[in-house]
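J.: Let me give you the structure first, and then I'll get to my questions.
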Amino acid sequence: MKKYLIILLLLLTGSLLRAQVSLITVNKDNIDRNRIPYSGTRIMMADAVETNGPARMYIFSKNEKGTDKDSLYAEEFLKENDKWILQSKKEFCFPDEILMTWSNRKAFFDSDKDHYPESLFIFSKNAASNIDQQHAVILLLFHKKQFYSIEAKAADSYQKDYFSANFEQLPDSVKDKVLAYWQNLDKED
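In mature numbering (1 follows the signal peptide of the UniProt record, and there is no 0), the protein residues as written are -19 to -1, 1 to 170.
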């Protein structure tokens, strides 16, 4: 009986270890556009994660500085056979606003234990005429080649949350983890 209990404990430990997500440090200045074809002209933030499956790279890039509209590209790449393949992409562009990434506000986890990482990032919309004037904070979640978001606006003192139309489709374990992160986030500028 003791032998079976030990085997059971080892199996449980092994399955827990396989569900982990590891963050890999990336120097955005060393990313070669020929190897990872990101959309913008300048990288604002880049992160790589590994789970049991292939490595993933998340790149937030922007269009050329000084253009009429400020665009932010959020992209997820998957490494297959030593090549980085685009998995999902979303462009953000708001008139009269500048989009700023919060490079120290992000999280990577696998709460539904499917070996596909949930990766969330925070960015803000600020006035183009005064970058110190924050208009909104946005949480962007990458989950299974889909994007989900939550936004809070300065206009309502960050008290009301605006969810993407597909947010309710997330598994409860993922939704709970994301909402806990969002509720603990200091959204004030």
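Idealized CB from N, CA, C, for every residue including glycine.
What are the boundary residues of the beta strand (DSSP E) that S52 is part of?
T.: Translated into the one-based positions of the sequence shown, residue 52 becomes position 71. S52 -> beta strand (DSSP E) spans 52 to 61.
J.: Among residues of its own chain, excluding the 5 on either side of H96, which ones have a beta-carbon nearer than 6 Å to its beta-carbon?
T.: Position 115 of the sequence shown, counted from the first residue, corresponds to residue 96. Around H96: T32, N33, G34.
J.: Any idea if K141 is buried or exposed, counting beta-carbon neighbours within 10 angstroms, 16 or more meaning buried?
T.: Position 160 of the sequence shown, counting from 1, holds the residue named residue 141. Exposed is the call here.
J.: Can you round the beta-carbon distance between K9 and A27 to whole angstroms, since I take them to be within the 8 Å contact cut?
T.: Locating residue 9 in the sequence shown gives position 28, where the first residue counts as 1. Locating residue 27 in the sequence shown gives position 46, where the first residue counts as 1. Contact between K9 and A27 holds, since their C-beta atoms are separated by about 4 Å, short of 8 Å.
J.: Report yes if the CB atom of E57 is closer than 7 Å to the CB atom of F148, and no otherwise.
T.: Residue mapping note: residue 57 aligns to position 76 of the sequence shown, counting from 1. Residue mapping note: residue 148 aligns to position 167 of the sequence shown, counting from 1. The beta carbons of E57 and F148 sit no closer together than 7 Å.
J.: In terms of alpha-carbon separation, which member of Y162, L151, R14, L80 lies closest to residue 248?
T.: Absent from the model: residue 248. The displayed extent of the chain is -19 to 170, so no value can be given.
J.: According to DSSP, is A135 part of a helix, a strand, or is it coil?
T.: Start at 1 with the first residue of the sequence shown, and residue 135 comes out as number 154. Three-state DSSP puts A135 in a helix.
J.: Can you tell me where the alpha helix (DSSP H) holding D157 begins and where it ends?
T.: For the purposes of this step, residue 157 is taken as the residue at position 176 of the sequence shown. That run of the alpha helix (DSSP H) goes 153 to 165.
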